[in-house]
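Protein chains in written order, with the numbering used here: chain U, 1 to 234; chain S, 1 to 234; chain W, 1 to 234. Let me begin by presenting the structure, written as structure tokens, before commenting on it.
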Amino acid sequence: MDRARSHTGTNDRVALAFELFNASVQHWLDLAGIFVFALSGALLGVRKNLDVFGMAVLAEATALGGGLFRDVVIGAVPPAAFADLGYFLTPLVATLLVFFLHPEVERINKAVNFFDAAGLGLFCVVGTTKAYEYGLGLTASGALGLATAAGGGVLRDILAGDPPQLLRWDRDLYAVPAIVGAGAVALLIHAGELTGVTAGGAAALAFVLRLAAMRYHWRAPRAWQRRSTAVGEG
Amino acid sequence: MDRARSHTGTNDRVALAFELFNASVQHWLDLAGIFVFALSGALLGVRKNLDVFGMAVLAEATALGGGLFRDVVIGAVPPAAFADLGYFLTPLVATLLVFFLHPEVERINKAVNFFDAAGLGLFCVVGTTKAYEYGLGLTASGALGLATAAGGGVLRDILAGDPPQLLRWDRDLYAVPAIVGAGAVALLIHAGELTGVTAGGAAALAFVLRLAAMRYHWRAPRAWQRRSTAVGEG
Amino acid sequence: MDRARSHTGTNDRVALAFELFNASVQHWLDLAGIFVFALSGALLGVRKNLDVFGMAVLAEATALGGGLFRDVVIGAVPPAAFADLGYFLTPLVATLLVFFLHPEVERINKAVNFFDAAGLGLFCVVGTTKAYEYGLGLTASGALGLATAAGGGVLRDILAGDPPQLLRWDRDLYAVPAIVGAGAVALLIHAGELTGVTAGGAAALAFVLRLAAMRYHWRAPRAWQRRSTAVGEG
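Listed below in structure tokens is the structure:
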């Protein structure tokens, strides 16, 4: 806490941005992001045939895992996930919703993906800003922004026994939009231009990129000369 | 440390309970809980055909993983797992025992389950109390009590490459007894009635519930209308 | 930081060793260890058919995961992995190299194993020393030295969906050389004989043991009377 505040004192432009961005609007955006991430966790729980408690664990891990990792790394303890009751309860609400209405939730899978993209954009911006607040460098802050946005999904997949979707080449780009958003925030901080408006623009950029990646099935390249390993491994 | 102490100063009733509960009896109970959790880790190592070092890693992770997670989250560093030599050495003793005598240990599997239930009850109470000591809210403290009790088993299963038993619907209730025990402690703190005796009662409640869940094969419900997903996924 | 410094003040012999060992040579050794660990992560990414971002995630996790775990446990936040830009960028360089040249890198797999053994020796010594610096006991410091050296590989395998190689009985000894190296450092600290030279000796000892384990296919024993479980499980 003291550490965060003293940093805030010395970095007025970040403090300003953080303030603008952290108002009650920010809190509701956070909860919305947590909610849609939790939906994806609870839905995976249904597909994996878990009981309601397993669904709740997946929902909590998906929604809060990325921010928890960031907070532990930057020394913001207790992490926001355990300091704000709403952060903890929102995934439970999402779990109940999926528990009773999951065919309907599956049917609006497109809507879930839409909000998941919004959460991705939001969390990469929030994560980068918070890490910088706590004194990390710009590159490290961007890396933690990516971890905030994508870490929960990785934890979800590991707990469910799936290979993390983030790592699979046959999925539409997920990391790149978050990297672009986090990188944009880092550049804005560097240029002294981070405000609520520009931060929102960075989040929107990541959001639109993710929507485009899903729409046009953008993929990332795999290592060159893949055939050679087929021989090497055979 | 300072943080913990100042909290203790302002929460005399918790301090009292913690003191009562944290005497040498508490230490021996802790070691007993660690020992039985470690047995379950080492036994899984045998079933997974791991060597003696793999068994020791699983034993340590099972016994100490939950408390380690709690301590990192609440900022109690170095965690108890690394601050108390007995906590670290106990899983190694359990590993040696299983290494030389595992058919006998398997045969007393019922006894291991019995002590595992005792460990579950104990750890959910200790975890909730310690998290509250470090300034977390009652709900967050209860969640960390559950994480203390069940986290080690989740880590054990992930390291061994199994889907976490905690999440599987076809296993007898494990999370619910810990949730009840942790919730009871949170209510006792809220009512100002947490003493060594009532804390012991909460641990006993979780213990008995877990024994009953195993005896009567209590299961948790899965999401409603499961059939619909069979169609949806097909 | 303050905590570390005050410990340094009271443990002059460690401070001396740490200083000797932490010069610019140390930094380059660290980067070399990170680089070869990252190569092994990126190569596994190629074998698992991941795209370039998945490769980078595996490379970062393999190279930095062990030290990250150690730093979070001892309270050294932000961890070195996020405080030193070189630590973060080196795995990305390794990823690019593997991305474009992986058949060549595979061909020099023996060289990678050689450097991986060097990284193992180096990291178990650095990890043990740093944990002691932060006030942990000798046994706990040794355990964290082992975690520093082997933790990244465990994280790599879990992310990739493989059972951790560290735990498998059919792989050449990996933990034992690190345990010997970390134990040697702990004994040297206890005897007041830890200097840059003796620390280098401990690293060399672990390095040579790992090379010998690969050369002669040393394995660790599994639990006695394995047959009995075959019956018990059947």
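Heads up, the beta-carbon is just placed ideally off N, CA and C, and yes, glycines get one too.
CB-CB under 7 Å to residue i, same chain, minus the five flanking residues each way: which ones, in chain order?
i: Ala42 (chain S); result: Met55, Leu58, Ala59, Ala94, Thr95 and Val98
i: Arg215 (chain W); result: none
i: Ala150 (chain S); result: Gly66, Leu166, Tyr174, Ala175 and Ala178
i: Val154 (chain U); result: Pro164 and Leu166
In its own chain, which residues sit with a C-beta less than 8 Å from the C-beta of residue i, not counting the 5 before and 5 after it?
i: Thr90 (chain S); result: Leu31, Ile34, Phe35, Ala38 and Ala63
i: Val112 (chain S); result: Val36, Leu39, Ser40, Leu43 and Val105
i: His86 (chain U); result: The amino acid occupying residue 86 (chain U) in the given sequence is Gly; His does not appear at that position. Excluding positions up to five away in sequence, the list reads His27 and Leu31.
i: Val52 (chain W); result: Thr95 and Phe99
i: Leu146 (chain U); result: Cys124, Gly127, Ala175, Ala178, Ile179 and Ala182
i: Ala140 (chain S); result: Ala131
i: Arg156 (chain S); result: Ser40, Gly41, Leu44, Leu58, Ala61, Thr62 and Gly65
i: Leu29 (chain U); result: Leu122
Would DSSP call residue i helix, strand or coil?
i: Arg70 (chain W); result: helix
i: Asp30 (chain W); result: helix
i: Asp116 (chain W); result: helix
i: Asp157 (chain S); result: helix
i: Ser228 (chain S); result: For Ser228 (chain S), the predicted structure reports a pLDDT of 45, less than 50, and the residue's modelled location is therefore unreliable. A value from the coordinates is still provided. Ser228 (chain S) falls in the helix class under three-state DSSP.
i: Arg219 (chain W); result: coil
i: Thr10 (chain W); result: Residue placement at Thr10 (chain W) is poorly supported in this model, since its pLDDT is 43, which falls under 50; the coordinates still yield a value, given next. Thr10 (chain W) falls in the helix class under three-state DSSP.
Can you pull the chain S residues whose beta carbon is under 8 Å from the beta carbon of residue i, in chain order?
i: Trp218 (chain W); result: Chain S residues near Trp218 (chain W): none, gap ~11 Å exceeds 8 Å.
i: Val208 (chain U); result: Going along chain S, no residue has its Cβ under 8 Å from Val208 (chain U), so there is no contact; the nearest lies around 29 Å.
Considering residue i, what are the terminal residues of the alpha helix (DSSP H) in which it resides?
i: Ala199 (chain W); result: Gly196 to Tyr216
i: Tyr174 (chain W); result: That residue, Tyr174 (chain W), is in no alpha helix (DSSP H); it is neither H nor E in DSSP.
i: Glu106 (chain U); result: Leu85 to Arg107
Name, please, each residue of chain W whose Cβ falls closer than 8 Å to the Cβ of residue i.
i: Thr139 (chain U); result: Leu85, Phe88 and Leu89
i: Pro78 (chain U); result: Chain W residues near Pro78 (chain U): none, gap ~14 Å exceeds 8 Å.
i: Arg168 (chain U); result: Leu50, Asp51 and Gly54
i: Gly188 (chain U); result: The sequence given here has Leu at residue 188 (chain U), not Gly. Per Cβ cutoff of 8 Å: no residues; Leu188 (chain U) is ~19 Å from chain W at best.
i: Leu64 (chain U); result: Here the premise fails: no neighbours, minimum Cβ distance about 17 Å.
i: Leu144 (chain U); result: Phe82
Along chain U, which residues have their Cβ under 7 Å away from the Cβ of residue i?
i: Ile158 (chain W); result: Ile158
Which residues in the same chain as residue i place their Cβ atom closer than 6 Å to its Cβ, once the five residues preceding and following it in sequence are excluded?
i: Lys48 (chain W); result: Ala160
i: Gly142 (chain U); result: Thr128, Ala182, Gly183 and Ala186
i: Leu68 (chain W); result: Pro79 and Ala81
i: Phe115 (chain S); result: Val36
i: Thr198 (chain W); result: Leu188
i: Arg171 (chain S); result: Gln165
i: Gly121 (chain S); result: Gly181, Ala203, Ala206 and Phe207
i: Arg5 (chain W); result: Because Arg5 (chain W) sits at a pLDDT of 37, beneath the cut-off of 50, its placement in the model cannot be relied upon, and the following sentence gives the value as read from the coordinates. No residues qualify anywhere along the chain.
i: His102 (chain U); result: Val46
i: Arg222 (chain W); result: Trp169
i: Gly119 (chain W); result: Gly33, Val36 and Phe37
Below 7 Å on C-beta distance, what does residue i contact in chain W?
i: Gly161 (chain S); result: Pro163
i: Leu136 (chain U); result: Pro78 and Phe82
Give the interface partners of residue i over in chain U, defined as CB-CB distance under 8 Å, in chain order.
i: Val73 (chain S); result: Leu68, Val72, Val77, Pro78, Pro79 and Phe82
So which residues on chain S does residue i lean against when the C-beta distance must stay under 9 Å?
i: Val25 (chain U); result: Per Cβ cutoff of 9 Å: no residues; Val25 (chain U) is ~24 Å from chain S at best.
i: Val154 (chain U); result: Simply none; closest approach about 12 Å.
Taking residue i as the query, report the chain S residues whose CB atoms sit under 7 Å from its CB, ordered along the chain.
i: Ala175 (chain W); result: Phe53
Compute the minimum distance between the beta carbon of residue i and the heavy atoms of the ligand GTP, and state whether it is under 6 Å.
i: Ala223 (chain U); result: Judged by which ligands are present, the structure shown has none, so any question about the ligand GTP falls away.
Please list, in chain order, the residues of the stretch 92-125 of chain W that have any C-beta partner in chain U closer than 7 Å.
Val98, Phe99, Phe100, His102, Pro103 and Glu106
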